[in-house]
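Visitor: For the record, in the sequence shown the residue sitting at position 152 is 151 according to numbering that gives the first Met the number 0, with numbers rising by one throughout. Here a beta-carbon is modelled for each residue, glycine too, at the ideal position from N, C-alpha and C. Quick caveat, the model's predicted, so the values are computed rather than measured.
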Amino acid sequence: MSDDLNAMSLDDLRAERARLQADDDRVSYARRAVQSRLDLVRAEQERRADGTDSDDDADVTGGLRRVLSRQLTGGAARPPRDDDGAIGESADIRRLDEVCAAGGFSQLAELDDDAVAALEADLSSLESEVSTDRRERFARIDALSAELVRRYRDGSVSVDGLSADDVRG
């Protein structure tokens, strides 16, 4: 990987890192969305294992609020950005919608135990794929950042050309 980074121009390094960082917002949102659906399926499995009545609306509503607020916001609020509308339109979100539709997520309480287990397995697999993608993206961002730092340290790029994004990494 370092050979291809050495061959990249400074502008290309910066552009690639910026692209990956922007993509990470979409991947991160998708990962949280998958995890929230997975948490809800697992909560349904726990409810069944505990023998809790599915008509307990207060518990279901409270659980839904907790899961969605924790997963979809990442546990911390951030200021909204202009491109936030596009975050929910990613390929990962479309795949999540397909998995949920095929598995009957909208009718979770009516599914039999085997169908709930299959949905949990499908969502777990998707979460694993999205998480792997995110880890690989971070590794690439780290490699690009390290190459930028290397160039500044060895003097092949002037500090006068340092951008604010280079400092933030």
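Apart from the five residues on each side of it in sequence, which residues of its chain come closer than 8 Å, Cβ to Cβ, to residue 111?
Guide: none
Visitor: Straight-line CA distance for residue 142 to residue 153?
Guide: Straight-line Cα distance between these residues: approximately 16 Å.
Visitor: For residue 51, name the three-state secondary structure that DSSP assigns.
Guide: coil
Visitor: Who are the near neighbours of residue 190 in its chain, counting only those whose CB is closer than 6 Å to its CB and skipping five residues on each side?
Guide: Residue 190 is absent from the model: the chain starts at 0 and stops at 168.
Visitor: On the criterion of 16 or more Cβ atoms from any shown chain inside 10 Å, does residue 34 qualify as buried, or is it exposed?
Guide: So residue 34 ends up on the buried side.
Visitor: Give the DSSP-derived three-state secondary structure of residue 127 in the structure shown.
Guide: helix
Visitor: Report the rounded CA-to-CA distance for residue 105 versus residue 149, giving the unit in angstroms.
Guide: 51 Å
Visitor: Whole angstroms is fine: what's the gap from residue 107's alpha carbon to residue 116's?
Guide: Taken atom to atom, the span from the alpha-carbon of residue 107 to that of residue 116 is near 11 Å.
Visitor: Output yes or no for whether 8 Å exceeds the beta carbon distance between residue 29 and residue 98.
Guide: It is not a contact, given that the beta carbons lie outside the stated cut-off.
Visitor: To the nearest angstrom, how far is the alpha carbon of residue 96 from that of residue 151?
Guide: 44 Å
Visitor: Please confirm whether residue 37 and residue 119 have their CB atoms less than 8 Å apart.
Guide: yes
Visitor: Output needed for residue 125: all residues of its chain with C-beta closer than 6 Å, excluding positions within five of it in sequence on either side, in chain order.
Guide: 33 and 98
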